[in-house]
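Please read the structure below before turning to the comments.
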Amino acid sequence: MTIGAFAATISEIDKPLPEGQDIEGRLWDVLWLLSLAVKGARTRSDRVA
């Protein structure tokens, strides 16, 4: 994952997260949704939409 992708999906580097959120939880959410997208892909590809 690039720093740009991390900042866009998990957390901007220099900004605090809102109350009740943490890096691990946000990363878990992103990886979970990625796994669902991969499993639901209709064609074999190296990209998900």
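The working numbering numbers the first residue of the sequence shown as 847 and each following residue consecutively. Even glycine gets a Cβ: it sits at the ideal position worked out from N, Cα and C. Bear in mind the structure is a predicted one, so any value in this text is a computation, not a measurement.
Item	Value
Close-in-space but distant-in-sequence residues of the same chain around Ala-887 (CB under 7 angstroms, 5 per side omitted)	Val-894
C-alpha distance - Pro-864 paired with Leu-877, whole-angstrom precision	20 angstroms
Cβ shell of Val-884 (< 8 angstroms), same chain only, five flanking positions each side left out	Val-894
Collapsed DSSP secondary structure at Ala-851 in the structure displayed	helix
Residue interval of the alpha helix (DSSP H) (run including Glu-870)	869-886
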